[in-house]
Amino acid sequence: MDKLTGKVALVTGASAGIGAATARTLAARGAKVAVVARRPAQSMEVVGQILDAGGEATFVQADVSVADQVWRMVDRVVEWGGRLDIAVNNAGIGGPNRAVADVDDAGWDSVLATNLTGVFHCMRAEITAMRTGGGGAIVNVLSAVVCRPVRHTGAYAASKRGALALTETAALEEIGNGIRINAVSLGGTLTPMAVELMRTDPELAEAMSALHPIGRLAEPEEHAAVIAFLCGPDASFLAGATVASDGAAGIGP
């Protein structure tokens, strides 16, 4: 499981859940991993887990909705690792859990600032570094809501569908530069954010359960394995693809 040996990776939103699992999985496969998040304490726990397992990792603090912080994030990773080979853009927020007509401007702006503008900020800086370094792989973390609508997720769904458009457009633009850009469309996952969302919105919880013909939500590590595959040499012919790791949620019962 050392197919990423010598590669330098960054994972945003890596302090918990899918991001943390992805950081650990990439490290287990040989990559040096920059754990990127806003929360130092939780992020350092992830770094410690990687180091304890014999891997290499560092923490970089950044808010992906702030462009200057993202440029500094990538600069720090390149300074630490010498280059950037892999980027997983996982940072995201949920809510507001309301019908479209009931979403206020602040709620809309907040979700898009992280989930869409944040992905743009990250891709712009990552691609710039990868062009200089001779190529790389980027994976954007999306959601099954890009395939099927779910009530009370309008802002979230719009942000993820926008990120899908960015993924596909940039994939066409950068494949000639040796940069493979793909996405994963994830189903419901047993992360702290998802558990809290479902706790506070029973209607959303019911809809989420009904979306998964497989009959359960995913463990973060299951998604991390798919993401790591897309980052590695076994996915060398995949570009501009969206891989569904969603328990058939995207196609329905």
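Numbered per our numbering, the sequence shown spans residues 11 to 263.
Glycine included, C-beta positions come from ideal geometry on N, C-alpha and C.
This one's a predicted model, so the numbers in the text were calculated from it and none came from an experiment.
Starting from the Cα of residue i, find the closest Cα among the options and give me that residue.
i, options, result
"residue 150", "61, 226 and 125", "125"
"residue 188", "138, 78 and 106", "138"
"residue 131", "84, 163 and 114", "84"
"residue 260", "208, 156 and 168", "156"
"residue 105", "57, 242, 129 and 165", "165"
"residue 13", "246, 81 and 258", "246"
"residue 171", "154, 54, 215 and 73", "154"
Are residue i and residue j close, meaning C-beta to C-beta below 9 Å?
i, j, result
"residue 240", "residue 147", "yes"
"residue 51", "residue 23", "no"
"residue 136", "residue 101", "no"
"residue 107", "residue 207", "yes"
"residue 262", "residue 158", "yes"
"residue 250", "residue 142", "no"
"residue 211", "residue 162", "yes"
"residue 255", "residue 169", "no"
"residue 80", "residue 134", "yes"
"residue 54", "residue 95", "no"
"residue 223", "residue 198", "no"
"residue 65", "residue 42", "yes"
"residue 110", "residue 18", "no"
"residue 121", "residue 173", "no"
"residue 225", "residue 39", "no"
"residue 152", "residue 193", "yes"
Pop quiz: residue i and residue j are said to be a contact at Cβ under 8 Å. What is the actual Cβ separation, rounded to whole angstroms?
i, j, result
"residue 160", "residue 217", "5 Å"
"residue 200", "residue 231", "Not a contact, Cβ separation roughly 10 Å."
"residue 181", "residue 191", "4 Å"
"residue 75", "residue 123", "4 Å"
"residue 32", "residue 237", "5 Å"
"residue 57", "residue 45", "5 Å"
"residue 103", "residue 234", "At roughly 20 Å, the Cβ-Cβ gap does not stay under 8 Å, so residue 103 and residue 234 are not in contact."
So the alpha helix (DSSP H) residue i belongs to, where does it begin and stop?
i, result
"residue 58", "50–62"
"residue 240", "230–241"
"residue 207", "202–210"
"residue 224", "Per DSSP, residue 224 belongs to no alpha helix (DSSP H) and is neither H nor E."
"residue 28", "27–38"
"residue 164", "164–184"
Under DSSP, the beta strand (DSSP E) around residue i begins and ends at which residues?
i, result
"residue 248", "Premise fails: residue 248 is in no beta strand (DSSP E) and is neither H nor E."
"residue 42", "42–47"
"residue 195", "189–196"
"residue 19", "18–22"
"residue 146", "146–153"
- Could you name each continuous alpha helix (DSSP H) segment of 4 residues or more that falls completely within the region 60–135, going from the start of the chain to the end? Complete alpha helix (DSSP H) runs here, min 4: 77–91 and 115–125.
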